[in-house]
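Each remark here refers to the structure printed beneath this line.
Residue numbers (mature numbering (1 follows the signal peptide of the UniProt record, and there is no 0)): -24 to -1, 1 to 300.
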């Protein structure tokens, strides 16, 4: 309460001096589990800089990359009470709470990366953002980041579906992803990103699945030298704001936040393509073998997962499939 009164007192002179001025200056925390320099983090910084400029300093930002404020789950919990204001989060962690986003989480739902981008840039993408915002999750979904195409990386090579049998593979904490990995013959193990390096090192897991920049930036390649191009998931990731914070913004500020988030979406995409290509080169130079696999057996093996989870999203799936 004292903090609120202090902010209000500081704002009063401005309120009387400028018609329509913001109630108070706000300092917003922007968290991401990815390290500084990662495409999402760079785009978030640009978004914050734009908003500070366009609001004449009414909104300022502190950035917390590299998971310093905790795992994605912990950051979301902090956002739900307003202690952290903004983040980019994985849909895998949103799915158990906002079931409709699981349509994007289904294995092989997108034909390729461009198909995914066309979907999130259109009405279906906006529909899913609205479903997150209008849920009981306590977050406002603003825009999409490209989380890349996820492939399997392991200590021993996976050249065909049968090679995956019995391997303990880390997945995000979503029942669908566990079912997906199990359907492909592996043993899906849910754990936070920050635990993967030591789990690979100690043999708790035999591998994980993610995109090339994550494999590189989190140093997982030091213990997993085989990268099998299964392309089982192509996951967009929403930029979200604490609903508590959102409701403190003026309508003008809310529109500026939405606009800046969409600009960050476009910027991150360009950064992502450059980063992904550069990461692949660095990984190969570090001795990681990129393995081209026949994707059809992996696609066929995960058919029961799409059947199990997809029935309730039949209309959404038709819309996704219709996007060219």
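Glycine is no exception: its CB is placed at the ideal position from the N, C-alpha and C atoms.
{"Query": "Meets three-Cβ-pair contact criterion under 8 Å: the stretch 198 to 207 and the stretch 22 to 39", "Result": "no"}
{"Query": "Distance between beta carbons of residue 64 and residue 8, contact taken as under 8 Å", "Result": "5 Å"}
{"Query": "Contact set for residue 197: own chain, Cβ-Cβ below 7 Å, skip 5 residues either direction", "Result": "191, 259, 262, 264"}
{"Query": "Residue 179 classed as buried or exposed, judged by whether at least 16 other C-beta atoms fall within 10 angstroms", "Result": "exposed"}
{"Query": "Distance between beta carbons of residue 246 and residue 91, contact taken as under 8 Å", "Result": "Not quite, the Cβ-Cβ distance comes to about 18 Å (not below 8 Å), so this is no contact."}
{"Query": "From 146, 84, 185, residue whose alpha carbon lies closest to that of residue 277", "Result": "84"}
{"Query": "Reduced DSSP secondary structure (H/G/I, E/B, other) of residue 33", "Result": "coil"}
{"Query": "Alpha carbon of residue 151 to alpha carbon of residue 72, nearest angstrom", "Result": "8 Å"}
{"Query": "Bridge-paired residues (DSSP) for residue 122", "Result": "212"}
{"Query": "Residue range of the beta strand (DSSP E) that includes residue 163", "Result": "163 to 166"}
{"Query": "Residue 31 vs residue 232 beta-carbon contact at 8 Å", "Result": "yes"}
{"Query": "Residue interval of the alpha helix (DSSP H) (run including residue 70)", "Result": "67 to 70"}
{"Query": "Cβ neighbour criterion (16 or more within 10 Å) applied to residue 182", "Result": "buried"}
{"Query": "Residue 77 beta carbon less than 8 Å from that of residue 62", "Result": "no"}
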